[in-house]
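Engineer:
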Amino acid sequence: MSCTPSTKKMPPRFSEPVLQFPDPGYTRQFAYGGTAALALSDDGKRVLKFPFTFETQHCNEQVAAGAQSRMEESQIMLAREKEIYQHLGLRPGILAPLEISSVGLVFPFYKNGDLRAYLQKTWGEVGQDQLMLWAEEAVERISFTQSMGVYQCDISTRNFLVGDDLSLLLNDFSGSRVGDKTELVGPETSYAKALQDDQYDTVQGSMEGEVFSIGSLLYEILTGQKPYSDLGNREIKDLFQQGSFPPTSTLAFGTIIQGCWMGRFSSAEEVKAALKAAKHKRE
Numbered sequence: 001m002s003c004t005p006s007t008k009k010m011p012p013r014f015s016e017p018v019l020q021f022p023d024p025g026y027t028r029q030f031a032y033g034g035t036a037a038l039a040l041s042d043d044g045k046r047v048l049k050f051p052f053t054f055e056t057q058h059c060n061e062q063v064a065a066g067a068q069s070r071m072e073e074s075q076i077m078l079a080r081e082k083e084i085y086q087h088l089g090l091r092p093g094i095l096a097p098l099e100i101s102s103v104g105l106v107f108p109f110y111k112n113g114d115l116r117a118y119l120q121k122t123w124g125e126v127g128q129d130q131l132m133l134w135a136e137e138a139v140e141r142i143s144f145t146q147s148m149g150v151y152q153c154d155i156s157t158r159n160f161l162v163g164d165d166l167s168l169l170l171n172d173f174s175g176s177r178v179g180d181k182t183e184l185v186g187p188e189t190s191y192a193k194a195l196q197d198d199q200y201d202t203v204q205g206s207m208e209g210e211v212f213s214i215g216s217l218l219y220e221i222l223t224g225q226k227p228y229s230d231l232g233n234r235e236i237k238d239l240f241q242q243g244s245f246p247p248t249s250t251l252a253f254g255t256i257i258q259g260c261w262m263g264r265f266s267s268a269e270e271v272k273a274a275l276k277a278a279k280h281k282r283e
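Position 216, counted from 1, in the sequence shown is what full-length UniProt numbering calls 216; the numbers after and before it change by one each time, with no gaps.
(1) What are the boundary residues of the beta strand (DSSP E) that includes S41?
(2) So, at 7 Å on beta carbons, what are the nonlocal neighbours of Q242 in its own chain, with the 5 sequence-adjacent residues on each side left out?
(3) Give a yes or no on contact between the segment 71-83 and the segment 170-189, applying the rule of three or more CB pairs nearer than 8 Å.
(4) Bridge partners of L218, per DSSP?
(5) Taking H58 and S15 to be in contact with their CB atoms under 8 Å, please state how far apart those CB atoms are, rounded to whole angstroms.
(6) Tell me, please, which residues DSSP counts as bridged to S181.
(7) Under 7 Å between the Cβ atoms of F253 and A278?
(8) Helix, strand or coil, according to DSSP, for A31 in the structure here?
(9) In the DSSP assignment, find the alpha helix (DSSP H) that holds T275 and state where it starts and stops.
(10) Among the candidates G224, T248, F265, whose CA atom is the shortest distance from the CA of K121?
(11) Can you tell me where the alpha helix (DSSP H) with L78 in it begins and where it stops?
(12) Consult DSSP for S6 and reduce its assignment to one of helix, strand or coil.
(13) Could you check where the alpha helix (DSSP H) with F240 kicks off and where it finishes?
(14) Would you mind giving the Cβ-Cβ distance between F50 and V18, rounded to the nearest angstrom? I have them listed as a contact below 8 Å.
(15) Compute the distance between the beta-carbons of F52 and A39, then report whether it is under 7 Å.
(16) Straight-line CA distance for Q75 to I221?
(17) Between which residues of its own chain and G205 is the CB-CB distance below 8 Å, once the five residues before and five after are set aside?
(18) On the criterion of 16 or more Cβ atoms from any shown chain inside 10 Å, does E136 qualify as buried, or is it exposed?
(19) Helix or strand or just coil, what does DSSP make of R46?
(20) In three-state terms, what does DSSP make of I155?
(21) Rounded to whole angstroms, what is the Cα-Cα separation between D42 and G25?
(22) On a Cα-Cα basis, can you pick out the residue from G149, L166, L161 that is closest to A268?
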């Protein structure tokens, strides 16, 4: 019995999309975020943030379609970020692009990385005074962007870089809200004000939602952990909906953190003033 090989065309084999690097001077993949990719320059001094571009030649149709959708979303997100950086201009405490081009955004490389990673790496080594200074700096940066009509909408320790002098640099405005352009991103669950499901979209991207996120930001800076870091997203949301938050009575600025979560502040500027007053009271 003989078999004749089938001439039927087989579908492409399943394969992951392959990220393409748009600039030959940046070939070392540095990070792969949800909205864009980061590549380190060959001399290790600069970082290129660029929209996803994938090679999908060997992917099946479903995978290729998903990659195409992600590329389109990435272009939109990065265009918004470019617009916001141009709108904010140069300001101490805000990461300044070295270059804005059709390829992407070029930033200086900071070896300390983001604040979340730095806290985890150095926890127990950083003193209370430094933590309190970071809390003040973080809120000051957010207050400035809000005064310029920019709501980051994804406030977290991930979006602050630690400079060589340990000062904080607010960054990552991919999909953030500016002026009357609605946000395209949202916060992590432990940073999100949780109301009933049908009210969620009315809070995120608002000043109310941003102030709530500031409470979680301060909590993470002062404890080294996100609120309810040992729980899943559903459990965290349920607790937040019940108005149940982690205890803060032993923390510096603990009353202010609770005030952010409970809606007692109407802006980052008010939180900034409260932090300043609390610091003076401690001195």
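Where a beta carbon is used, it is the ideal one built from N, C-alpha and C, also for glycine.
Structural biologist: Based on what the coordinates show:
(1) 37-41
(2) none
(3) yes
(4) Looking at the DSSP assignment, L218 forms no beta bridge with any residue, so it has no partner.
(5) 4 Å
(6) The sequence given here places Lys at residue 181; Ser does not occur at that position. Beta-bridge pairing links K181 to V178.
(7) yes
(8) strand
(9) Note that residue 275 is Leu in the sequence shown, not Thr. Counting along the chain, the alpha helix (DSSP H) containing L275 begins and ends at 268-282.
(10) G224
(11) 61-88
(12) With a pLDDT of only 37 at S6, under the threshold of 50, the placement of this residue in the model should not be trusted, and no figure is reported.
(13) 233-241
(14) Not confirmed; about 15 Å, so no contact.
(15) no
(16) 32 Å
(17) Y151, C153, R177, T182, E183, G186
(18) buried
(19) strand
(20) coil
(21) 6 Å
(22) G149
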